[in-house]
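Chains as they are written, first to last, in our numbering: chain E, 64 to 294; chain R, 138 to 624.
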Amino acid sequence: MIQVNNLSKKYNGISVLNIENLEIPKGQSFGLVGNNGAGKTTFFSLLLDLIQPTTGHIFNNEVQVNTSENWKPFTSSFFDESFLIGYLTPEEYFYFIGDLRGQNKADIDALLATHEEFFNGEILKNKKYLRDLSKGNQKKVGIIATLIGNPEVIILDEPFANLDPTTVSRLKKIIKELSENPNVTVLVSSHDLQHTVEVCSRIVVLNKGEIVKDIQTSKETLQELEVFFAV
Amino acid sequence: MIKHFLTLEWKAFLRSAAFGTNLALKIVLGFLAVLYSFIFLMAGIGVFYGLKESNLDPLVTVNKFLIYYFLFDLGFKFLLQKIPVMNIRPLLVLPIKKNTIVNFSLGKTALSFFNLIHFLFFLPFTIILIKEGYDVSSVLFWLAAMVSLVYINNFLNIVLSNKDNLFTIFLIVVVILGGCQYYRVFEITSYTSPFFDALYTTNWLFLIPVLILTGLYYYTFDYFKKGLYLDDGLSTKHDVAKTENLVWLNQFGTLGTFLKNDIKLIKRNKRSRTTVFMSLLFLFYGLIFFRENAHQPQLMQIFAGIFVSGGFLFTFGQFVPSWDSAYYQLMMTQNISYKEYLSSKWWLVVIATVISTILASFYLYYGWQVYLTIVVGAIYNIGVNSHLVLLGGAYTKTPIDLTTSKGAFGDKKAFNVNTMLLTLPKLLLPLLLYWAGSSIMNPDLGLVFVTIAGILGFAFRNKVFSLIEKIYKTEKYKTIDAYKQKS
C-alpha cells in the first residue's frame, strides 16, 4: 500500500529523516515508535504532503504523494487540533468531513451512533464549539472523523496522548477492529510502547531519523523494545 | 526586570512569522509613519502663523477645534492602535510581581506612535506660543493638559477595547456632532472651547485633566491587575454553540459544503464578523465622491465605483487562505483539490460583490451614470480583482487567530492598516483604463474599457485559475509552515 524510496528530509543540512526503503502492505497495522525528535511526525507529514522531501518519494497506493493529489480520497489522518475547525460544533465538523468524503448525514449519524461509547457523552449535543472542548475531547473528535467515508489508509499521530485511561482502552479496541479489516491500513505513532505493541502487527523503531528496528509483533516484542529504550 | 521584558518584546517582534514575509509592507508602514510625523510637525509649526495671517487668534481657534482633534484621536486609537499584549500567561507563575507586569504593559502603550505623534504637533506649537509672547507658565500648563488628554485617550482605548460595537457607536456620535456643527444646528465647540480656553487662562484648571489621567491610570492598572487570572481577563469566553445544517446549500455540492463552512466562519468568529461589518461601510464610500457638489476629480468616480461593491472583496477576500490558517493542515489532507477550494472562495467573493451591488442601488438617487459606474466597478471586481485577491492570498502568510475572544487583553483589532495598503494596486489599473478612455473620448469610453478588462478577466477564468492553483501548490509548504507559527 505504501512504498517509501530513498526518503530523506534535511533542515539546514541536518538530516531529520532518512529512510532508504520501507514498504507497508495493505491491511497492516503499522506502529511507529521513537523518542522525541526521532522523526515520527516528520514521516507522517511527508506521507501527507504537508512538507517536501529533500530526496526520494512516497507512493500511497501507487500515487506519488508530492506530485498528485489522488491519494486524498482514500487517506484520512489526524495529528492535532490544527486538523479541527474550531468554530464548528462536533456534529457540524463530522458532517463537513462527511460532505467532503461523499457521505450523507444519515451515514455520519450511523457511524457516530456506533461510537457513542467512545464519546462518553461529552461530545455530541453539548452546545460547545470544538475550540472550547478539552484537549482530550478534541482528540476524540479528530480520531472518529478519520473513520468517515471508509478510508483505506488511516494515519494517527500520537493518538493515545492526552486521553484518559478508559478512552485509551476504547481507542485500542477501535484500532484493533480496524486492523482486522484487510482493506484498511492503519499507521499509528506513539511514545507508549505497550499500547503500540497491543494494537500493531508490525512495529518500526525510529531513532534520529533512521529505522533501527523493524519487528513483527510477538510476545517478546514489548520486552525487546523496553530493553532497546532503557538507558 | 524591565530589561528582560524589553528583550522579550524585541525577540517577539523580530521572530514573528509576519516579519519576514511582510518586510515590504513594514517599509511602507514606516514611510507612512514618517509622512504623518512630518505632517503633524509642519502643522505644529505652521498653524500659528497661518491663523495669525487669517486674522484669527491662533490659540483660541485651536482651542475651538480641539474637541474634534481629540475625538478623532480616540477614533483612530479605537480603530488602529493595538493593545500591546505581552504574552502574559507564561509570566504569571514566574517570580515577577504582578505590578511589574501590569506597569510594563501599560507603560508600553504610552510609547506608542499614536501618542508620540501628538508631541510633534503640540511641542512646536507651544514653543511658538512662548516665543510670540504668550504667558510662559500658562502655556506650559496648557501643554500639560493637552498631554494628559492624549494619554486619557490612550487609557480609554485600553479600558474600552473589550466592548463590542463601541467604534460603531462612537462613529455615529461623531458624525452626528459633526453634522450638527456643519449645519449650525448645535455647535458642541461653543461648549467645549471655553473649557480649553480656560486651561490656558485659569492656571489651576490644568489640574483637572492631570487628575483624571492619574485616576484613569490607577483604574486601568487595577482593571488589568484584577484580570490577571486564567479564568478572568486571560480566560477564553465560551459561546453556547448551536448546530446549524444550512441544508439549502446542499444543492451546490462541494461548493455548498465550503459555503456552509464560510458562513459559519463569518458568523461565529468576532474577527471575521468585524471584517464583514467593515465591508458594509465601503458601501457608503461613494457618498464622498458622488455628491453633486463634491469637489473631487472626475477620475475618482471609478475609484469609488470599485470601492462600493468591493468592500467584502477587499476586507475578507484579501486574507483568503489565512481565514483557514488554524486548520490549514486539515484542508490540505482532506479530499479536496485546490481548484475546488479556490473556486469556492471565488464564489463567495462573487456572491458578496453581487449583493453589495444590489444594496448599492440607492445610488440611483444620484442618477444612472453613477449607478452604472458602480456596476462597471462590480464587473471589474468580479472579473479581475477577485482573481488578484486570490493570487495575493497565495503570498499572504500571516496566520489569522480567529479565537479572538481571549478575554480582556486579547488583540481584537481586526481592521488594520495592511488591509488598506494591499488594496491600492487593485485600484490603479482600472483608474488607468478609465483615465485612458476619458482622455481619448469621454468617461463613457473609460467605463467601456474597464468593463472590457472585467469581461476579459472573466473569460480567461479557467486559465487564470490554473495559474493561481499552480502558485498555491508551490507556496503550499511555506504556507503550512508559516501558519503553524501562531503570531
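Cβ atoms here follow ideal geometry from the backbone N, Cα and C, with glycine treated the same way.
Beta-carbon separation (whole angstroms), residue i vs residue j, contact threshold 8 Å
i: R/Leu286; j: R/Gly181; result: Wrong, their Cβ atoms sit about 16 Å apart, outside the cutoff.
i: R/Gly514; j: R/Ser446; result: 5 Å
i: R/Ile439; j: R/Leu277; result: With a Cβ gap of about 51 Å, R/Ile439 and R/Leu277 do not count as contacting.
i: E/Gly212; j: E/Ala101; result: Not quite, the Cβ-Cβ distance comes to about 31 Å (not below 8 Å), so this is no contact.
i: R/Gly442; j: R/Ile511; result: 5 Å
i: R/Asn294; j: R/Leu211; result: 7 Å
i: E/Leu70; j: E/Leu109; result: 7 Å
i: R/Leu479; j: R/Phe602; result: 7 Å
Selected residue, minimal CA-CA separation from residue i, among the options
i: R/Met469; options: R/Lys610, R/Ile511 and R/Leu303; result: R/Lys610
i: R/Val413; options: R/Gln388, R/Phe453 and R/Thr394; result: R/Phe453
i: R/Ser298; options: R/Leu593, R/Ala590 and R/Lys214; result: R/Lys214
i: E/Pro222; options: E/Ser253, E/Thr130, E/Tyr192 and E/Ser242; result: E/Ser253
i: E/Asn84; options: E/Ile77, E/Val67, E/Lys72 and E/Ser131; result: E/Val67
i: R/Tyr620; options: R/Pro536, R/Ile592 and R/Ser603; result: R/Pro536
i: R/Asp538; options: R/Asp618, R/Ile592, R/Ser459 and R/Tyr366; result: R/Ser459
i: R/Ile519; options: R/Leu485, R/Tyr503 and R/Phe292; result: R/Leu485
i: E/Ser92; options: E/Leu241, E/Phe292, E/Ala293 and E/Leu256; result: E/Leu241
i: E/Val216; options: E/Phe141, E/Tyr74, E/Ile114 and E/Thr104; result: E/Phe141
i: R/Lys379; options: E/Phe181, E/Tyr150 and E/Thr105; result: E/Tyr150
i: E/Ile82; options: E/Tyr74, E/Pro88, E/Phe106 and E/Met64; result: E/Phe106
i: R/Ile82; options: R/Phe251, R/Gly316, R/Ile306 and R/Ser274; result: Past the edges of chain R, shown from 138 to 624, lies residue 82 of chain R, and the structure says nothing about it.
i: R/Leu231; options: R/Asn382, R/Phe602 and R/Met138; result: R/Met138
i: E/Leu210; options: E/Gly199, E/Asn225 and E/Asp172; result: E/Asp172
i: R/Tyr271; options: R/Ser493, R/Asn387 and R/Asp194; result: R/Asp194
i: R/Phe419; options: R/Arg405, R/Phe444 and R/Phe177; result: R/Phe444
i: R/Lys607; options: R/Tyr475, R/Phe168, R/Val171 and R/Gln455; result: R/Tyr475
i: E/Gly90; options: E/Pro245, E/Ile274, E/Val294 and E/Val275; result: E/Pro245
Other residues of its chain near residue i: CB distance less than 8 Å, five sequence neighbours each side excluded
i: E/Val260; result: Gly94, Ile266, Thr280, Thr284, Leu285 and Leu288
i: R/Tyr465; result: Pro458, Thr616, Ile617 and Tyr620
i: R/Thr144; result: none
i: R/Lys613; result: Met469
Under 9 Å between C-beta atoms of residue i and residue j
i: E/Gly298; j: E/Asn270; result: Examination of residue 298 of chain E is not possible in this model, given that chain E is present from 64 through 294 alone.
i: E/Thr152; j: E/Lys191; result: yes
i: R/Ala531; j: R/Thr616; result: yes
i: E/Lys239; j: E/His258; result: no
i: R/Ile325; j: R/Ile204; result: yes
i: R/Lys201; j: R/Phe333; result: yes
i: E/Leu175; j: E/Leu193; result: no
i: R/Phe358; j: R/Val487; result: no
i: E/Gly205; j: E/Asp277; result: no
i: R/Leu353; j: R/Val296; result: yes
i: R/Gly423; j: R/Tyr319; result: no
i: R/Tyr337; j: R/Leu196; result: yes
i: R/Phe586; j: R/Ala596; result: no
Residue i, buried or exposed, once every other Cβ within 10 Å from all chains shown has been counted against 16
i: R/Ala497; result: buried
i: R/Trp505; result: exposed
i: E/Val249; result: buried
i: R/Leu467; result: buried
i: R/Ala247; result: exposed
i: R/Ser481; result: buried
i: R/Trp279; result: buried
i: E/Ile114; result: buried
i: E/Phe155; result: Note that residue 155 of chain E corresponds to Glu in the displayed sequence, not to Phe. Classification for E/Glu155: buried.
i: E/Met64; result: buried
i: R/Thr533; result: buried
i: E/Ser131; result: exposed
i: R/Ala545; result: Caution is warranted here: a pLDDT of 39 is assigned to R/Ala545, below 50, making its placement in the model unreliable, and the coordinate value is therefore given only provisionally. It counts as buried.
i: R/Tyr502; result: exposed
Contacts around residue i, its chain only, beta-carbon distance under 6 Å, and the 5 residues preceding and following it disregarded
i: R/Ala551; result: For R/Ala551, the pLDDT reaches just 43, beneath the cut-off of 50, and the residue's location in the model is therefore unreliable, although a value from the coordinates is still provided. The answer, listed in chain order, is Arg408, Thr411 and Thr412.
i: E/Lys282; result: none
i: E/Lys73; result: Thr117
i: R/His255; result: Val287
i: E/Val126; result: Asn133 and Trp134
i: E/Ile218; result: Phe107, Ser140 and Leu250
Proximity test, residue i beta-carbon vs the ligand NAD heavy atom, cut-off 8 Å
i: R/Trp460; result: Only the bare structure without any ligand can be found here, which leaves the ligand NAD out of the picture.
Own chain partners of residue i with C-beta closer than 7 Å, once the 5 adjacent residues on each side are dropped
i: R/Ile403; result: Ser409, Arg410 and Val413
i: E/Cys263; result: Ser92, Phe93, Gly94, Val251 and Thr280
i: R/Pro346; result: Ala282, Ser285, Leu286 and Ile289
i: R/Ser462; result: Pro536, Ile537 and Tyr620
i: R/Val311; result: Leu208 and Gly212
i: R/Val507; result: Phe427 and Tyr500
i: R/Val521; result: Ala590, Gly591 and Gly594
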